[in-house]
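**Q** My questions all concern the structure below.
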Amino acid sequence: MSSFDKRAQEWDKNDRRVQTAKKVANAVKSCINEKNLKILDFGCGTGLVSYELTNIAHSITGIDTSPKMVEMFNAKSTTPAIKAFCKDIDEIEEKFDLIVSSMTFHHIKDIDAIIEKLRTKIQPGGVICVADLVKEDGSFHNDNSGVHHFGFDIEELTKKFEHKGFKKICQKIVYTIQKHKAFDVFLLCMQKG
């Protein structure tokens, strides 16, 4: 059982996580001036971000590697248009208007490979919004097991997307998480050409 499976039941009780998700979702909505979108939440967890995006969504598909997180996500759903799956991105055959990923990229080893995989799942003109930590010293997590990046240099991440044919439409700091020190969370929205 993964550490995320073990924490799924209590995940939404952490106010800092809830606030981060709300801030990320509000920032996404301020950058994306469209509605009725087919959305993929990559690394959806319990759906904290997804359920804040329902007012701009036609449908939301969540994917996560934690079965317990997916179970918690689906327990909240009141419609078949919002559903999560315990799947890898390679198993998704649909294309989406918007892909959101919040606090997931730092758990992914090969960022170039995941950007390429996400690129194949987004419609032309669609947008990928990534929210994650600004580069930090490795002290954000109490246990760095499964953490492959201590945040990101936003310009370097932007260049990785641009190399795959995306252009930047929005970048901002959306929230500062207060722990033993302050950790900024950025949102980077990149549009597929």
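Take the sequence shown: its position 187, counted from the start at 1, is 187 in UniProt numbering, and no numbers get skipped. Note that CB positions come from ideal geometry on N, CA and C, so glycine has one too. Being a predicted model, the structure only gives us computed values, none of them experimental.
Could you give the distance in angstroms between the alpha-carbon of Thr79 and the alpha-carbon of Pro124?
**A** So the alpha carbons of these two residues sit roughly 27 Å apart.
**Q** How would you call Gln178, buried or exposed, if buried means at least 16 neighbouring beta carbons within 10 angstroms?
**A** Exposed, since its Cβ has fewer than 16 Cβ neighbours within 10 Å.
**Q** Assuming Val18 is part of the beta strand (DSSP E), what are its boundary residues?
**A** It is not in any beta strand (DSSP E) - Val18 instead sits in the alpha helix (DSSP H) that spans Asp15 to Cys31.
**Q** If you draw a straight line from the alpha carbon of Val18 to that of Glu52, how long is it in whole angstroms?
**A** Their Cα atoms are separated by approximately 10 Å.
**Q** Just to confirm, is the Cβ distance from Leu118 to Ile92 under 7 Å?
**A** Cβ distance not < 7 Å, so Leu118 and Ile92 don't count as in contact.
**Q** Could you give the distance in angstroms between the alpha-carbon of Lys135 and the alpha-carbon of Asn36?
**A** Computed Cα separation, rounded: 34 Å.
**Q** Have a look at Asp112 and His106 and give me their C-alpha separation to the nearest angstrom.
**A** Cα to Cα, Asp112 sits roughly 13 Å from His106.
**Q** Taking the alpha carbon of residue 201 as the point to measure from, which residue in Gly151, Lys159, Met103 and Lys168 has its own alpha carbon closest?
**A** Any question about residue 201 goes unanswered here, given that the chain covers just 1 to 193.
**Q** Considering just the uninterrupted stretch of the alpha helix (DSSP H) at His163, what are its terminal residues?
**A** Residues Ile154 to His163.
**Q** Sorted by chain position, which residues of the same chain lie with C-beta nearer than 7 Å to residue 196's C-beta, five sequence neighbours on each side aside?
**A** Residue 196 is absent from the model: the chain starts at 1 and stops at 193.
**Q** Determine the closest residue to Tyr175 out of Ile169, Lys168 and Leu188, with distance taken between C-alpha atoms.
**A** For Tyr175, the nearest C-alpha among the options comes from Leu188.
**Q** Report the rounded CA-to-CA distance for Cys129 versus Ala27, giving the unit in angstroms.
**A** One C-alpha to the other measures close to 10 Å.
**Q** Count the other C-beta atoms from every protein chain shown that fall within 10 angstroms of the C-beta of Gly151, then say buried if there are 16 or more, exposed otherwise.
**A** With 16 or more Cβ atoms within 10 Å of its Cβ, Gly151 is classed as buried.
**Q** Tell me whether the beta-carbon of Ala84 lies closer than 7 Å to the beta-carbon of Cys31.
**A** Not a contact, by the Cβ cut-off of 7 Å.
**Q** Identify which residue in Phe186, Ile122, Asn33 and Asp64 has its Cα closest to the Cα of Ala131.
**A** With distances taken between Cα atoms, Ala131 lies closest to Phe186.
**Q** Going by the DSSP bridge assignment, what does Gln191 pair with across the sheet?
**A** Looking at the DSSP assignment, Gln191 forms a beta bridge with Val127 and Lys167.
**Q** Are the beta-carbon atoms belonging to Gly62 and Asp90 less than 7 Å from one another?
**A** No, the Cβ-Cβ distance between Gly62 and Asp90 is not below 7 Å.
**Q** Please determine, among Ser50, Gln171, Lys164 and Leu133, the residue with the shortest C-alpha to C-alpha distance to Lys76.
**A** Of Ser50, Gln171, Lys164 and Leu133, the residue nearest in Cα terms is Ser50.
**Q** Under a three-way DSSP split, which group does Asp184 fall into?
**A** It is a strand residue.
**Q** Count the other CB atoms, across all protein chains shown, that sit within 10 Å of the CB of Asp64; report buried if there are 16 or more and exposed otherwise.
**A** Classification for Asp64: buried.
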